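To keep things clear, I will list the structure first and then write my remarks on it.
Protein chains: 2
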Amino acid sequence: MTSPPPHAALKEEAHAWFEGLRDSLCAAFEAIEDEQAGQAAARFVRTPWQRPTEDASPGGGGVMSVMKGAVFEKVGVNVSTVFGTFSPEFRGQIPGAAEDPRFWASGISVVAHMCNPRVPAAHFNTRMLVTSRGWFGGGGDLTPLRLDAPEAVADAADFHAAFRSACERHDPGYYPRFKEWCDRYFFLPHRDEPRGAGGIFFDQLDSGDAAADLAFVEDAGRAFLDAFPRIVRRRMAETWTPEEREALLVKRGRYVEFNLLYDRGTLFGLKTGGNTDAILMSLPPEVRWP
Amino acid sequence: MTSPPPHAALKEEAHAWFEGLRDSLCAAFEAIEDEQAGQAAARFVRTPWQRPTEDASPGGGGVMSVMKGAVFEKVGVNVSTVFGTFSPEFRGQIPGAAEDPRFWASGISVVAHMCNPRVPAAHFNTRMLVTSRGWFGGGGDLTPLRLDAPEAVADAADFHAAFRSACERHDPGYYPRFKEWCDRYFFLPHRDEPRGAGGIFFDQLDSGDAAADLAFVEDAGRAFLDAFPRIVRRRMAETWTPEEREALLVKRGRYVEFNLLYDRGTLFGLKTGGNTDAILMSLPPEVRWP
Numbered sequence: 001m002t003s004p005p006p007h008a009a010l011k012e013e014a015h016a017w018f019e020g021l022r023d024s025l026c027a028a029f030e031a032i033e034d035e036q037a038g039q040a041a042a043r044f045v046r047t048p049w050q051r052p053t054e055d056a057s058p059g060g061g062g063v064m065s066v067m068k069g070a071v072f073e074k075v076g077v078n079v080s081t082v083f084g085t086f087s088p089e090f091r092g093q094i095p096g097a098a099e100d101p102r103f104w105a106s107g108i109s110v111v112a113h114m115c116n117p118r119v120p121a122a123h124f125n126t127r128m129l130v131t132s133r134g135w136f137g138g139g140g141d142l143t144p145l146r147l148d149a150p151e152a153v154a155d156a157a158d159f160h161a162a163f164r165s166a167c168e169r170h171d172p173g174y175y176p177r178f179k180e181w182c183d184r185y186f187f188l189p190h191r192d193e194p195r196g197a198g199g200i201f202f203d204q205l206d207s208g209d210a211a212a213d214l215a216f217v218e219d220a221g222r223a224f225l226d227a228f229p230r231i232v233r234r235r236m237a238e239t240w241t242p243e244e245r246e247a248l249l250v251k252r253g254r255y256v257e258f259n260l261l262y263d264r265g266t267l268f269g270l271k272t273g274g275n276t277d278a279i280l281m282s283l284p285p286e287v288r289w290p
Numbered sequence: 291m292t293s294p295p296p297h298a299a300l301k302e303e304a305h306a307w308f309e310g311l312r313d314s315l316c317a318a319f320e321a322i323e324d325e326q327a328g329q330a331a332a333r334f335v336r337t338p339w340q341r342p343t344e345d346a347s348p349g350g351g352g353v354m355s356v357m358k359g360a361v362f363e364k365v366g367v368n369v370s371t372v373f374g375t376f377s378p379e380f381r382g383q384i385p386g387a388a389e390d391p392r393f394w395a396s397g398i399s400v401v402a403h404m405c406n407p408r409v410p411a412a413h414f415n416t417r418m419l420v421t422s423r424g425w426f427g428g429g430g431d432l433t434p435l436r437l438d439a440p441e442a443v444a445d446a447a448d449f450h451a452a453f454r455s456a457c458e459r460h461d462p463g464y465y466p467r468f469k470e471w472c473d474r475y476f477f478l479p480h481r482d483e484p485r486g487a488g489g490i491f492f493d494q495l496d497s498g499d500a501a502a503d504l505a506f507v508e509d510a511g512r513a514f515l516d517a518f519p520r521i522v523r524r525r526m527a528e529t530w531t532p533e534e535r536e537a538l539l540v541k542r543g544r545y546v547e548f549n550l551l552y553d554r555g556t557l558f559g560l561k562t563g564g565n566t567d568a569i570l571m572s573l574p575p576e577v578r579w580p
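Residue numbers (the working numbering), protein chains in the order written: chain A, 1 to 290; chain B, 291 to 580.
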């Protein structure tokens with residue numbers, strides 16, 4: 001047995017942060033639906049789930065929150081807190097799990113697919129992992145239909161600026177590193193194209209000050225909560241053509257290809273018996289491969 | 291240098307068989323479109339492609355044939371004949387490539403997604419590989435919307451009987467082995483469900499008589515050419531509800547999940563710089579993850 005990392009003392013705080021951020025995001029997205037729809041606006045539906053374990057011991061679980069609206073065609077916000085023991089095949093792959101296979105993980109994951117092709121899709125997630133070590137991971141990225149449209153360039157600049165500001169409050173090296181990591185990560189080699197306009201991506205973040213790292217992750221969440229609803233409001237009233245909608249459905253195919261072929265969280269989750277519905281909540285509601 | 295396997299002498303014959311089968315299948319599917327549409331029926335559009343090589347040496351290529359019709363919502367028939375030298379990272383994974391990295395491969399791949407939810411989707415492929423060894427691989431499977439519907443059970447029985455008959459002309463052990471292999475291969479562990487109603491699947495088939503193995507592969511192709519058009523004709527005039535169509539689009543999501551998460555041919559092709567459009571021709575034209 002090794003002594004627990006300082007992250008172990010932050011479990012309650014991290015878990016509460018992720019749930020609070022979920023509530024703020026859901027409220028912000030529902031407020032946007034209210035503005036668009038007036039009456040009978042869409043609302044999030046929450047579905048709790050439990051992580052099954054082989055011996056029926058407690059393994060944690062989560063709550064999926066999904067809304068299908070007039071602005072948000074499908075938006076999922078998943079919060080989960082799971083714990084247990086890594087199976088032997090995964091112990092070598094997870095930092096600190098070889099020394100002690102027990103783990104605890106809590107996080108939030110958000111994916112928004114929009115009705116209007118002029119409004120970019122967005123993804124955000126952050127998590128805290130505790131084994132015999134502790135660290136944070138996460139990121140956020142924006143996926144406009146056309147990367148080079150002036151509106152998309154402006155939206156991306158807004159999105160990037162929010163994350164830059166969050167990063168710079170903590171470490172001047174974070175933003176350039178995490179932005180480049182995002183561009184490298186969200187790339188489809190078989191298409192030779194990026195998934196979208198980027199954002200930030202980081203993993204195994206452990207500066208040595210766990211409380212400061214959690215504060216950074218909180219600021220990243222606040223940046224997303226600030227920037228994405230603003231971008232949605234800026235674009236949601238724009239009219240679009242059937243051709244743009246068709247192009248959006250094809251572009252979403254690339255999103256599916258990325259998530260199922262390359263996304264480490266998706267593949268790891270599905271292979272380790274994670275909650276399939278919660279993991280694949282990220283897939284777009286309607287897609288075409290013409 | 292090792293002496294070439296007997297398959298090397300069959301390259302022309304195998305290549306010609308795959309192209310001839312492509313022509314027969316395209317003609318059979320176009321004839322079905324004629325029966326449904328009367329005038330202005332859909333036709334296959336053929337698109338040739340060449341395999342790029344690092345030093346611009348010849349690497350072969352193929353022809354994609356795609357038809358979007360009133361019965362076949364999207365059907366692709368791809369024939370390719372490619373050759374070259376495996377990169378060092380793949381030499382250990384391919385039988386016979388460690389001894390001599392040169393390879394030659396020819397094959398046909400067919401995927402049909404149907405407009406009518408009462409008509410099952412189908413897949414078929416066969417190929418001959420030549421390294422310092424030689425072998426055949428392939429298979430075919432049927433994907434109805436509802437596995438347990440009496441019509442789906444009858445169609446699957448017809449499909450299975452055709453492959454059984456083809457197998458039994460060659461080796462009494464083939465059918466039970468290849469049917470079981472198919473059930474094991476076309477399975478989605480994260481959904482704990484089969485992709486469809488099965489069929490046959492085989493790989494690295496080398497009985498010691500390459501000409502006999504090619505004759506088996508040809509009979510497997512004839513079985514598909516016989517059974518699938520018959521199944522399509524049996525179901526294509528049935529009426530369906532919007533709910534069935536919606537269920538079909540959701541079922542197709544499972545097809546995408548299988549192909550991008552598990553299908554070895556898809557993953558190997560995309561990782562080895564294969565033709566992305568030809569490989570992902572298998573993806574359904576319209577899909578939902580509600």
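Idealized CB from N, CA, C, for every residue including glycine. Fair warning: this is a prediction, and the values are worked out from it, not measured in the lab.
Item                                                                                                                                                                                    : Value
Just verifying my parser: in three-state terms, what is the DSSP assignment at B:Asn-549?                                                                                               : helix
Taking only the alpha-carbon atoms, compute the straight-line gap between A:Arg-133 and A:Leu-205 and give it to the nearest angstrom.                                                  : 11 Å
Please name the residue, chosen from A:Glu-89, A:Ser-282, A:Asn-275, that lies closest to A:Trp-49 on a Cα-to-Cα basis.                                                                 : A:Asn-275
Provide the residue span of the alpha helix (DSSP H) that contains A:Gly-265, from first to last.                                                                                       : 264-271
Mapping DSSP to helix, strand and coil, what is A:Trp-240?                                                                                                                              : coil
Just by C-beta distance, which residues in the region 545-558 of chain B are closer than 8 Å to chain A?                                                                                : Val-546, Glu-547, Leu-550, Leu-551, Leu-557
Step through the CB atoms of chain B and report whether any lies within less than 9 Å of the CB of A:Leu-283.                                                                           : yes
Could you have a look at A:Pro-194 and say whether DSSP puts it in helix, strand or coil?                                                                                               : strand
What does B:Pro-484 touch in chain A if you count any residue whose Cβ is under 8 Å from its own?                                                                                       : The contacting residues do not exist; B:Pro-484 stays about 15 Å from chain A at best.
Can you list, in chain order, the stretches of the beta strand (DSSP E) that have 3 or more residues and sit fully within the region 374-450 of chain B?                                : 392-404, 411-420, 424-433
In terms of alpha-carbon separation, which member of B:Pro-410, B:Ser-399, B:Met-404 lies closest to B:Leu-435?                                                                         : B:Pro-410
Can you give me the Cβ contacts of A:Phe-86 inside the same chain, cut-off strictly under 7 Å, excluding the 5 residues immediately before and after it?                                : Ile-94, Ala-97, Pro-101, Phe-103
What residues from the region 431-448 of chain B come within 7 Å of chain A, judged by C-beta to C-beta, listed N to C?                                                                 : none
Closer than 7 Å, Cβ to any Cβ of chain B: which residues of the region 70-92 of chain A, in chain order?                                                                                : none
On the three-state DSSP scale, how would you describe A:Val-63?                                                                                                                         : strand
I'd like the span of the beta strand (DSSP E) that includes A:Glu-54, first residue to last.                                                                                            : Run containing A:Glu-54: none; DSSP gives neither H nor E here.
Out of B:Met-571, B:Thr-562, B:Glu-323, B:Arg-454, point me to the one whose CA is closest to B:Phe-380's CA.                                                                           : B:Thr-562
Hey, quick one: how far does the beta strand (DSSP E) through B:Val-361 stretch, first residue to last?                                                                                 : First-last for B:Val-361: undefined, no H or E at that position.
With a threshold of 16 other CB atoms inside 10 Å of the CB of A:Ala-210, please say whether the residue is buried or exposed.                                                          : buried
How many Å lie between B:Pro-407 and A:Tyr-175 at the Cα?                                                                                                                               : 49 Å
Helix, strand or coil for B:Arg-336? Go by DSSP, reduced to three states.                                                                                                               : strand
Under the assumption that B:Ile-521 contacts B:Gly-429 (Cβ atoms under 8 Å), give the Cβ distance between them as a whole number of angstroms.                                          : Going by Cβ atoms, the distance from B:Ile-521 to B:Gly-429 rounds to 17 Å, so no, they are not a contact pair.
Measure how close the beta-carbons of A:Gly-59 and A:Met-281 come, nearest whole angstrom, since I'm counting them as under 8 Å.                                                        : Not really, about 19 Å apart at Cβ, beyond 8 Å.
Quick one, which of A:Gly-198, A:Gly-173, A:Gly-137 has its alpha-carbon nearest A:Phe-159's?                                                                                           : A:Gly-198
Might you give, ordered along the chain, the residues of its own chain that have their beta carbon closer than 6 Å to the beta carbon of B:Trp-307, omitting 5 neighbours on each side? : Glu-508
What does B:His-413 reach in chain A if we use C-beta pairs closer than 7 Å?                                                                                                            : Correct list: empty, because the minimum Cβ distance to chain A is about 15 Å.
Residues in the same chain with beta-carbon distance under 6 Å from B:Ala-456, minus the five sequence neighbours each way, listed in chain order, please.                              : Asp-509, Ala-510, Ala-513
With hydrogens ignored, establish whether the beta-carbon of A:Arg-191 is closer than 8 Å to any heavy atom of the ligand SAM.                                                          : Of ligands this structure carries none, so the ligand SAM is not represented either.
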